[in-house]
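S.K.:
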Amino acid sequence: MRSDRNNPFRIAQEQFDRAAALLDLPDNVREVLRVPQRELTVRFPVLMDDGSTRIFTGYRVQHNLGRGPTKGGIRYHPSVDIDEVRALAMWMTWKCALVNIPYGGAKGGVVCDPTTLSSGELERLTRRFATEVAIVVGSERDIPAPDVNTNPQIMAWFMDTLSMQQGHTINAVVTGKPVQVGGSLGRNEATGRGVSLMVREWARRQQRRLEDLRVVVQGFGNVGGVAAALIAALGCRVIAVGDASGGYLCRDGLNIIEMRRYADRHPRRLLEGYSAPGVERIDNKTLLETPCDVLVPAALENQITDQNAERIRATLIVEGANGPTTPQADAILEERGITVIPDILANAGGVTVSYFEWVQGLQSFFWNEQDVNRRLEQIMVNAFEQVCDLADQRGISLRLAAYLLAVRRVADANLIRGLYP
Ligand code: NAD
0 MRSDRNNPFR IAQEQFDRAA ALLDLPDNVR EVLRVPQREL TVRFPVLMDD GSTRIFTGYR
60 VQHNLGRGPT KGGIRYHPSV DIDEVRALAM WMTWKCALVN IPYGGAKGGV VCDPTTLSSG
120 ELERLTRRFA TEVAIVVGSE RDIPAPDVNT NPQIMAWFMD TLSMQQGHTI NAVVTGKPVQ
180 VGGSLGRNEA TGRGVSLMVR EWARRQQRRL EDLRVVVQGF GNVGGVAAAL IAALGCRVIA
240 VGDASGGYLC RDGLNIIEMR RYADRHPRRL LEGYSAPGVE RIDNKTLLET PCDVLVPAAL
300 ENQITDQNAE RIRATLIVEG ANGPTTPQAD AILEERGITV IPDILANAGG VTVSYFEWVQ
360 GLQSFFWNEQ DVNRRLEQIM VNAFEQVCDL ADQRGISLRL AAYLLAVRRV ADANLIRGLY
420 P
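Per numbering that gives the first Met the number 0, the very first residue in the sequence shown carries number 0; after that it's consecutive.
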């Protein structure tokens with residue numbers, strides 16, 4: 000069990016409460032927004048390769064439907080629980096509102112360790128989970144996407160299952176699909192691209208040269224791996240990266256392209272066993288505390304806590320992951336003058352291109368990659384500017400500024416629609 004301090008849902012509520020108090024939201028709106036609107040828990044059997052049957056538990060939580068259908072990823076991980084899914088759903092609501100796309104937030108997950116499942120088991124688990132949550136999911140209701148340990152293939156199985164049940168192909172029921180079956184060009188890289196745009200824009204505002212920035216990235220999957228590559232392509236020096244197998248440090252700069260190729264060939268997509276001249280192995284704790292200009296936590300939540308915030312030696316933290324920093328750590332970092340670009344802004348590139356994928360699917364009209372990246376850049380840079388301007392005006396953190404903008408939009412939508420019945 001998680002302690003209350005590290006409970007992501009308590010943390011999400013605490014972050015919301017701070018914004019709600021400053022916005023002076025009416026009590027009834029506050030009560031509606033601080034809890035999820037709908038929660039579904041499912042327990043379902045899956046046939047294993049050895050002929051046995053195993054029962055899995057899964058969740059789908061829809062936090063708020065005020066601004067449109069709900070949207071959010073599906074996570075496969077042993078530590079998934081209802082509070083984690085509630086928090087992730089709530090963060091999705093604020094994220095979609097912040098980049099002003101017409102969605103509410105949702106999230107889903109299955110308690111499992113996918114590294115112990117064969118491809119056949121993973122497919123049967125996905126198809127059965129899709130069936131169990133079909134009563135709340137749909138292209139106009141709630142649209143899943145990939146998250147930790149889920150990928151385009153899993154999204155394709157999800158889409159195929161729901162399509163088979165309806166008797167026709169429903170492209171727009173999930174996003175993050177392979178491009179061959181209605182995925183969007185640029186979706187795979189979108190979250191990491193958004194993270195790299197945050198680094199670029201921050202450097203521009205601070206008048207820092209990109210070539211002078213030393214960057215550390217925790218997590219080397221869809222978000223961290225792509226972010227590391229695109230940040231290196233900006234000209235920054237990525238000096239350390241890490242994943243579940245540990246950390247890898249080279250003060251002269253790592254060869255991220257080679258490392259991504261290595262991880263792609265690994266059966267569990269890890270850097271495990273990677274070595275190169277000048278590359279030192281470090282543990283994850285040391286990785287986070289490595290002196291650098293920019294730290295990108297892009298793995299899981301609760302990585303920067305009151306236990307290590309005093310030892311973080313970065314100027315800027317860009318939250319690629321959801322919820323990597325606890326409120327206690329946030330306070331310490333703020334006190335120490337370390338800037339944090341919050342998750343609901345920094346990693347919003349993923350849901351933004353998911354939105355593009357959904358729009359393209361509904362219209363059956365697909366854009367080229369330059370169009371996708373150009374529109375993504377416009378939205379991310381615009382949101383970054385709005386958040387920085389508000390933070391400067393009011394002398395508050397970027398997180399609080401982002402929450403004020405996002406919560407206001409969601410509250411307004413709910414107030415304008417009124418109370419039914
Ligand atoms: P992923 O499964 O592709 O990658 C996760 C990475 O984290 C892997 O490299 C894994 O080895 C590493 N990791 C796991 N446990 C670790 C540990 N204890 N210490 C260090 N590294 C560890 O997942 P992802 O899609 O890249 O998601 C990462 C984070 O970004 C999550 O918080 C997710 O919610 C968030 N996010 C993802 C997207 C998206 O589009 N995929 C969008 C927004 C936010």
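Idealized CB from N, CA, C, for every residue including glycine.
Give, in chain order, every unbroken run of the beta strand (DSSP E) that is at least 3 residues long and sits entirely within the segment 181-260.
M.R.: Here the runs fully enclosed are 213-217, 236-242 and 245-248.
S.K.: Shorter than 7 Å, the distance from the beta carbon of valine 222 to the closest heavy atom of the ligand NAD, or not?
M.R.: Position 223 of the sequence shown, counted from the start, is the residue given in the question as residue 222. Yes, the ligand NAD has a heavy atom inside 7 Å of this Cβ.
S.K.: Quick one: which unbroken alpha helix (DSSP H) runs of 4-plus residues sit fully inside the segment 336-374? Chain order, please.
M.R.: For the segment 336-374, whole alpha helix (DSSP H) runs of length 4 or above, ordered along the chain, are 342-345 and 348-362.
S.K.: Taking 7 Å as the line, does the beta carbon of valine 147 fall inside it for any heavy atom of the ligand MG?
M.R.: You won't find the ligand MG in this model; what it holds is the ligand NAD.
S.K.: Say whether the segment 400-411 touches the segment 353-363, bearing in mind that this needs 3 or more beta-carbon pairs closer than 8 Å, one atom from each stretch.
M.R.: Touching, no, given that fewer than three Cβ pairs across the two stretches are closer than 8 Å.
S.K.: Is it true that the segment 131-150 meets the segment 54-63, where meeting means three or more beta-carbon pairs spaced less than 8 Å apart?
M.R.: Short answer: they touch.
S.K.: Quick one: Cα of aspartate 16 to Cα of arginine 260, how far?
M.R.: Translated into the one-based positions of the sequence shown, residue 16 becomes position 17. Translated into the one-based positions of the sequence shown, residue 260 becomes position 261. One C-alpha to the other measures close to 43 Å.
S.K.: Is it right to say threonine 190 is buried, meaning 16 or more other beta carbons lie within 10 angstroms of its own, or is it exposed?
M.R.: By one-based count along the sequence shown, residue 190 stands at place 191. Per the 10 Å Cβ criterion, buried.
S.K.: With DSSP as the reference, label valine 147 as helix, strand or coil.
M.R.: Stepping through the sequence shown from its first residue, residue 147 is reached at position 148. DSSP places valine 147 in coil when its eight states are reduced to three.
S.K.: For my contact list, valine 173 and methionine 154 are in at a C-beta cut-off of 8 Å; report their separation, rounded to the angstrom.
M.R.: Along the sequence shown, read from residue 1 onward, the residue named residue 173 stands at position 174. Along the sequence shown, read from residue 1 onward, the residue named residue 154 stands at position 155. So it is a contact: roughly 5 Å between Cβ atoms.
S.K.: Beta carbon of glycine 218: closer than 7 Å to some heavy atom of the ligand NAD?
M.R.: Translated into the one-based positions of the sequence shown, residue 218 becomes position 219. True, at least one ligand heavy atom lies under 7 Å from that Cβ.
S.K.: Buried or exposed: which applies to asparagine 381, given that a residue is buried once 16 or more other Cβ atoms fall within 10 Å of its Cβ?
M.R.: Translated into the one-based positions of the sequence shown, residue 381 becomes position 382. It counts as exposed.
S.K.: Which residue comes first and which comes last in the alpha helix (DSSP H) that contains isoleucine 81?
M.R.: Within the sequence shown, numbered from 1, the residue matching residue 81 stands at position 82. Run containing isoleucine 81: 81-97, per the alpha helix (DSSP H) assignment.
S.K.: According to DSSP, is alanine 129 part of a helix, a strand, or is it coil?
M.R.: What you label residue 129 is simply residue 130 of the sequence shown in a count that begins at 1. DSSP places alanine 129 in helix when its eight states are reduced to three.
S.K.: Going by the CB atoms, is the gap between alanine 239 and isoleucine 303 shorter than 8 Å?
M.R.: Within the sequence shown, the letter at position 304 stands for residue 303. Within the sequence shown, the letter at position 240 stands for residue 239. Result no, Cβ atoms of isoleucine 303 and alanine 239 do not sit closer than 8 Å.
S.K.: Which word fits histidine 167, buried or exposed, when buried means at least 16 other C-beta atoms lie within 10 angstroms of its C-beta?
M.R.: To locate residue 167, count along the sequence shown from 1; it is residue 168. With fewer than 16 other Cβ atoms within 10 Å, it is exposed.
S.K.: If you draw a straight line from the alpha carbon of proline 101 to that of glycine 65, how long is it in whole angstroms?
M.R.: In the sequence shown, residue 101 corresponds to position 102, counting from 1. In the sequence shown, residue 65 corresponds to position 66, counting from 1. Distance between the alpha carbons of proline 101 and glycine 65: 9 Å.
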